[in-house]
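Asks: Pasting in a structure now, in structure tokens, and then I'll have a few things to ask.
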Ligand SMILES: Cc1cc2nc3c(=O)[nH]c(=O)nc-3n(C[C@H](O)[C@H](O)[C@H](O)COP(=O)(O)OP(=O)(O)OC[C@H]3O[C@@H](n4cnc5c(N)ncnc54)[C@H](O)[C@@H]3O)c2cc1C
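In my numbering, the protein residues as written are 20 to 545.
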């Protein structure tokens, strides 16, 4: 069945997650006629807001912004299209198992509260500046198209040149220090500079968030660089909560896409990418409808794109093998609690409850929480990042009530005992940890929703329930993301491009893969 839409579109974007929307909006602004096909009945993918109990709304998966691509925000005029933060940058709070919490204010701990001693204060100040300088070297690589090893363009050569210059500007000692540290584990780096367990636990948690790594796993510092290369509202290292939950970010992108003339079609499941003579020439929906276009952009998972939608017979076997080796089994679960009143975390001032509260009281806690995940078991004492978004945005909960949103690790996708049996036990383990830090919270719960990686895969079409649509480890980054042969948004098929988090630079709510992919399409297709 050929659609009435046949021939009407220059480009089809598969997947209306935030990257698909960013890509579509950018392409639409070049005058192209663009169609976005989204399988779910709403746009946004993992950047959504949903009602999980009557009157309680929450960011469905991603809940904190820390890396929105500034070029995209400006280029698509997202503020004009309704992007708003519920307050300015929010602090991070490292909750302790024994004593006072530690509040880190400003951009990634620019200011620490008075509970930390002088030696750790100055050790942190030194380490923080060092990390920001080093992340700054990687930043251009983590925001633009990765260098093309085969045929480097002038722009890419100058990117490498400017990185070399930044390195030189660091001076000989710092250059050596960067080269020493870049592939280290975060625990060892922290040990060299600070002693405070709360601070070290928080930083170790951040470095391993969304990854199958513990703080003592080699290269775990890279996750921290990735975070510190991000920015919000012009402030590097800042973090913020979007007003209306993460769905509001997707809604702003959708409005930008519509304003650029794109057609957005939710409830449209793409079943196949049509290939003729080695060229992608359109898609077939699950109901048999065929829609043709000269360019097809896939903003969904790369493995799904090639193995399910294109089909292995259209690409070479080496490429299929590489795709099969991509690691993407998620470890992060999402917990939503509808509370009849705001919880009180022990020792924490009322205002600080609006921040990001991290339960990862030491590096050992994070490492021990990770260990069982290696063997298919969940953490009996999980670590987590909590927000109470309705404190800053009362539209998310009924009057007087409160929403708790938490990302909880480690919850392996392939739980040995199976998630049907494991989920209630894991929820009990999470609630036991929460109860230690916010006594009485259990009694206040009206409704709990726990999404395991298996739930995330099923509900959001994210294979493995993986944060980044593929591990962010050194062998799966830059020109090896998602794999050699499909890097830099190009693919082995003419007319087919990638644009989702599985592509460079990776996941998180940034819009960078989508924005960069649009530029690449324009470069290649004219
Ligand atoms: C538990 C968890 C917590 C997270 N928290 C944060 C956070 O706080 N901050 C942050 O920055 N990041 C966070 N992330 C990461 C972030 O959510 C993702 O990296 C990001 O949303 C990926 O965006 P995307 O547009 O590339 O893909 P997706 O959001 O996955 O969008 C892909 C879209 O394609 C659609 N689709 C799939 N198959 C088809 C098909 N066949 N036909 C049509 N449509 C299809 C899907 O329905 C989906 O809408 C979190 C991730 C997880 C799992």
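Glycine included, C-beta positions come from ideal geometry on N, C-alpha and C.
Report yes if the CB atom of residue 282 is closer than 8 Å to the CB atom of residue 54, and no otherwise.
Replies: yes
Asks: What residues match up with residue 124 in a beta bridge as DSSP calls it?
Replies: In the DSSP output, where bridge partners are listed per residue, residue 124 has 130.
Asks: Between the Cα of residue 292 and the Cα atoms of 276, 324, 247 and 371, which residue gives the shortest distance?
Replies: 324
Asks: Does the region 461-473 touch the region 374-392, meaning 3 or more C-beta pairs lie closer than 8 Å?
Replies: no
Asks: Please report how far the alpha carbon of residue 487 lies from the alpha carbon of residue 458, in whole angstroms.
Replies: 34 Å
Asks: From the DSSP output, in three-state form, read off residue 291 for me.
Replies: strand
Asks: Kindly indicate which residue of 250, 223 and 63 has the alpha-carbon position closest to the one of residue 238.
Replies: 223
Asks: Thinking just about the alpha-carbon of each residue, which of 31, 289, 285 and 196 is nearest to the one in residue 156?
Replies: The shortest C-alpha separation from residue 156 is found at 196.
Asks: What does DSSP give as the partner residue(s) for residue 378 in the beta ladder?
Replies: 114 and 403
Asks: Count the other CB atoms, across all protein chains shown, that sit within 10 Å of the CB of residue 394; report buried if there are 16 or more and exposed otherwise.
Replies: exposed
Asks: Alpha carbon to alpha carbon, what distance is there between residue 354 and residue 564?
Replies: Summary: the structure shown does not reach residue 564, with the chain confined to residues 20 through 545, and so no result is reported for it.
Asks: Nearest to residue 119 by CA position, among 129, 106, 134 and 111, is which residue?
Replies: When C-alpha distances from residue 119 are compared across 129, 106, 134 and 111, the shortest belongs to 134.
Asks: With H, G and I counted as helix, E and B as strand and the rest as coil, what does DSSP make of residue 186?
Replies: helix
Asks: Do you know whose CA, among 72, 383, 364 and 474, lies nearest residue 216's CA?
Replies: 383
Asks: Closest by CA to residue 212, which one among 407, 96 and 147?
Replies: 147
Asks: At what residues does the beta strand (DSSP E) containing residue 298 begin and finish?
Replies: 298-304
Asks: Decide if the region 77-85 is in contact with the region 325-345; the criterion is three or more beta carbon pairs, one per stretch, under 8 Å apart.
Replies: With fewer than three CB-CB distances shorter than 8 Å, the region 77-85 does not count as touching the region 325-345.
Asks: Determine the DSSP secondary structure at residue 443, reduced to helix, strand or coil.
Replies: helix
Asks: Let me check one thing: in DSSP terms, what residues is residue 357 bridge-paired to?
Replies: 422 and 466
Asks: Near residue 446, which residues of its chain fall below 6 Å by C-beta distance, leaving aside the five closest residues on each side in sequence?
Replies: The answer, listed in chain order, is 469.
Asks: So, are the CB atoms of residue 289 and residue 302 less than 8 Å apart?
Replies: yes
Asks: What residues match up with residue 428 in a beta bridge as DSSP calls it?
Replies: 351 and 402
Asks: Looking at the strands, I want to know which residues DSSP matches up with residue 460.
Replies: Among the bridge pairs identified by DSSP, residue 460 is matched with none.
Asks: Which same chain residues end up closer than 8 Å to residue 448 when comparing Cβ atoms and leaving out the 5 residues on each side of it in sequence?
Replies: 397, 398, 399, 400 and 401
Asks: With residue 311 as the anchor, note down where its beta strand (DSSP E) starts and where it stops.
Replies: 309-311
Asks: Flag residue 16 as yes when its Cβ comes closer than 7 Å to any non-hydrogen atom of ligand 1, and as no otherwise.
Replies: As shown, the chain starts at 20 and ends at 545. That puts residue 16 outside it, with no answer to give.
Asks: Is there at least one non-hydrogen atom of ligand 1 closer than 7 Å to the beta-carbon of residue 475?
Replies: At least one heavy atom of ligand 1 is nearer than 7 Å to the Cβ of residue 475, so yes.
Asks: Assign residue 198 to one of two classes, buried (16 or more other C-beta atoms within 10 Å of its C-beta) or exposed (fewer than that).
Replies: exposed
Asks: From residue 375 to residue 414, what distance separates their C-alpha atoms?
Replies: So the alpha carbons of these two residues sit roughly 19 Å apart.
Asks: Pull up the CB-CB distance for residue 48 and residue 279, whole angstroms please, since I reckon it's below 8 Å.
Replies: 5 Å
Asks: Is the beta carbon of residue 95 sitting closer than 8 Å to the one on residue 30?
Replies: no
Asks: If distances are taken between C-alpha atoms only, which option among 452, 436, 454 and 314 comes closest to residue 514?
Replies: With distances taken between Cα atoms, residue 514 lies closest to 314.
Asks: Hey, is the region 162-169 in contact with the region 503-514, meaning 3+ C-beta pairs nearer than 8 Å?
Replies: yes
Asks: Between which two residues does the alpha helix (DSSP H) holding residue 41 run?
Replies: 37-47
Asks: Exposed or buried, what is residue 210 when buried is set at 16 or more other beta-carbons lying within 10 Å of its beta-carbon?
Replies: When all chains shown are included, residue 210 counts as exposed.
Asks: Can you tell me which of the three DSSP states residue 205 falls into?
Replies: Correct three-state label for residue 205: helix.
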